[in-house]
Each structure stands twice: as structure tokens, then as C-alpha cells.
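**Student:** Quick note: the sequence shown uses the working numbering, first residue 45, plus one each step.
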Amino acid sequence: MNLQGKTAIVTGASSGIGAAFSQALITKGATVYGLARSEDKLQRIRDEFGSSFIPVKMDITNHKAIESWVDKTFSGDQSPDVLVNNAGLGYFGNVDELSVEEWDTMINTNLSGTFYLTRQIVPLMKEYDPVCHIINIASIAGKLGNPQISGYNASKFGVSGFSEALFKELRYDGIKVTCLYPGSIATNFFDNAERGAHSNMMQPEDMATVLTNVLETPDNFLISDMTMRPLNPKRPEDE
């Protein structure tokens, strides 16, 4: 896909890899609808990236709000070319310490929110002639379970299964589906962990380069999933 002149939706666009994805897409010539809950953060991103970034205050766990926004913004002859389901969060703790509210928030944001937006965008992409692309951001935690992230594991394993089924469902409609499985990235995701982000983690800008490379493959070339890890994941002081 040539990203010049294309239209993309990026969720979780106000910080971290969502902001990096948005910037990379805009640099390639795309217009980005950036969805997030924080209007102030979105406005700061727009001030930095310019008019090609269109801020959309949205809670992706609210399926009625998503339906209303998609109906008002797009139509059969005005479809997004790219959907990046990136919004996500995690809570850390043993299963007997994890609250119901924390569990529900992870499942609703990481998994249900991906479904809510995708189900609204897919019919538009099916009616659109050019090849389109949906990219779901899972995690290495969608492949490998670990202690103290059981809820996050469950939500990201769900994204993995959803993505594989979706790729098989949509491939003959000219819609690519890719699931990315990143390891640790230096973002505020680790603010609530025992040990925070550090410089040996992957950088958001590098993730954004991977995203654009995947999108720019030829129309009949699909990377259905990709795992990315730091070569050396240790904290610098522990080396």
C-alpha cells in the first residue's frame, strides 16, 4: 500500500506507540483519525503533528459512541484504508489480588474495544475497492502466559485468536489483517509495575517503522503476524 493520501484510524493515539504510529503514518502522507479518551493530550498531538491528525475523543469500550462516530464520519465511498487497534492497558498482580473492576477494564478495553470498532469498519472496507489493512496490537503476552499478568494475558490471547479468525474471514474481501506481538516497549505502560521502563526496551519509533513497513507491502503480500523483542531485555544496570 502506498500510504500517500490514505486515511487511517489509530486508537490509543494520545501517547506511547499510538502517538508514534500516528506520526509515522502522517510522515508517509496519510491522514490519521486519532482516538483516545484524553482530549487535552489529543490536542497537544494535533498541535505537534498538524492538520493531518484529526483528534477524536472516544472511549472505545462504548460501542454506541463508536457506532455513532463511524456513521457520522464515513460512508461507502469514504472508508478508512487502515485501522490500527492499538488502545490497551494492563494491571499487575496475582489472580487473587486482581479486582473484578481491573479484570473488566482490561477485557473491555483490550479485547471488546477492538471488536466494537472493527465490526463497524469492516463493512465499509468490504465496499471499498482498494486493498485495506487492519492491524491489531497484541503483545508477547498474547503468546506466553506469565505470573501476575493473568488478566492481561487473557485479553491479549483473545486479540490473537480474534486476529487469526479475522484474517481468514476477510482475506478474500481484499482486507489484510495483521497481529503484532511486541515485547517490552519503553512507554508509560510500565508505570505501575515493580520495575519501570528502561533504555533496553524497544522504542515506540522503532515499532512505528515496523508498522509502516508492514502496511507498505504489495497488495497480494500479507504478513499475518509478527513478534518483536528487545535483543537484550535486561535493565542497563543489571547487565
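Where is the CB? At the ideal position from N, CA and C, for every residue including glycine.
Remember, it's a predicted structure, so these values are computed and weren't measured experimentally.
Would you decide whether F265 is buried or exposed? Buried here means 16 or more other CB atoms lie within 10 Å of its CB.
**Tutor:** With fewer than 16 other Cβ atoms within 10 Å, it is exposed.
**Student:** Buried or exposed: S49, going by 16 or more other Cβ atoms within 10 Å of its Cβ?
**Tutor:** Per the sequence shown, the amino acid found at residue 49 is Gly instead of Ser. By the neighbour-count rule (16 or more Cβ atoms within 10 Å), G49 is not buried but exposed.
**Student:** Less than 8 angstroms between the C-beta atoms of V175 and M45, yes or no?
**Tutor:** yes
**Student:** Spatial neighbours of L127 within its chain, please: CB distance less than 6 angstroms, with the 5 preceding and 5 following residues excluded, ordered by chain position.
**Tutor:** Excluding residues within five positions, the ones whose Cβ falls inside 6 angstroms are I53, I165 and I178.
**Student:** Which partner residues does Q164 have in the DSSP bridge list?
**Tutor:** Note: Q164 sits in no beta bridge, so no partner.
**Student:** Going by DSSP in three states, G137 sits in which element: helix, strand or coil?
**Tutor:** Secondary structure at G137: coil, using DSSP grouped into helix, strand and coil.
**Student:** Taking the straight line between their C-alpha atoms, what separation do you get for G134 and L155?
**Tutor:** 12 angstroms
**Student:** Ordered along the chain, which non-local residues of its own chain (more than five positions away) have a Cβ less than 8 angstroms from that of P274?
**Tutor:** G227, S228, N244, M245 and M246
**Student:** Helix, strand or coil, according to DSSP, for T222 in the structure here?
**Tutor:** In the structure shown, T222 sits in a strand (DSSP, three-state: E or B).
**Student:** If you draw a straight line from the C-alpha of A109 to the C-alpha of A131, how long is it?
**Tutor:** 16 angstroms
**Student:** Span of the beta strand (DSSP E) holding Y91?
**Tutor:** Sequence inspection shows Asp at residue 91; the Tyr mentioned does not correspond to that position. It is not in any beta strand (DSSP E) - D91 instead sits in the alpha helix (DSSP H) that spans E83 to F93.
**Student:** Leaving out five residues before and five after A182 in sequence, what residues of the same chain have Cβ atoms less than 6 angstroms from its Cβ?
**Tutor:** K200, V203, S204, C223 and Y225
**Student:** Look at the Cβ atom of N197, then the Cβ atom of N190, and state whether they are nearer than 8 angstroms.
**Tutor:** Result yes, Cβ atoms of N197 and N190 sit closer than 8 angstroms.
**Student:** Quick one: grab the DSSP three-state call for I178.
**Tutor:** strand
**Student:** When you compare only the Cα positions, how much space is there between F97 and I70?
**Tutor:** 7 angstroms
**Student:** Pick helix, strand or coil for Q67, following the three-state DSSP scheme.
**Tutor:** helix
**Student:** When burial is assigned at 16 or more other CB atoms within 10 Å of the CB, is T51 buried or exposed?
**Tutor:** buried
**Student:** Under three-state DSSP, which class holds L275?
**Tutor:** coil
**Student:** Quick one: measure Cβ to Cβ for G137 and Q87, integer angstroms, because I've assumed they're closer than 8 angstroms.
**Tutor:** About 33 angstroms separates the two Cβ atoms, so there is no contact after all.
**Student:** Let me know the secondary structure DSSP gives A52 once reduced to three states.
**Tutor:** strand
**Student:** Residues in its own chain within less than 6 angstroms of A64 by CB, not counting five upstream and five downstream?
**Tutor:** P248, E249 and A252
**Student:** Quick check: what's the CA-CA separation for R163 versus N129?
**Tutor:** 12 angstroms
**Student:** A68: which of T231, S268, E281 and N257 sits nearest, CA to CA?
**Tutor:** N257
**Student:** Pick helix, strand or coil for I104, following the three-state DSSP scheme.
**Tutor:** coil
**Student:** May I ask you to list the residues that DSSP assigns as paired with A80?
**Tutor:** Note: A80 sits in a beta bridge opposite K101.
**Student:** Cα separation between I89 and E208?
**Tutor:** 32 angstroms
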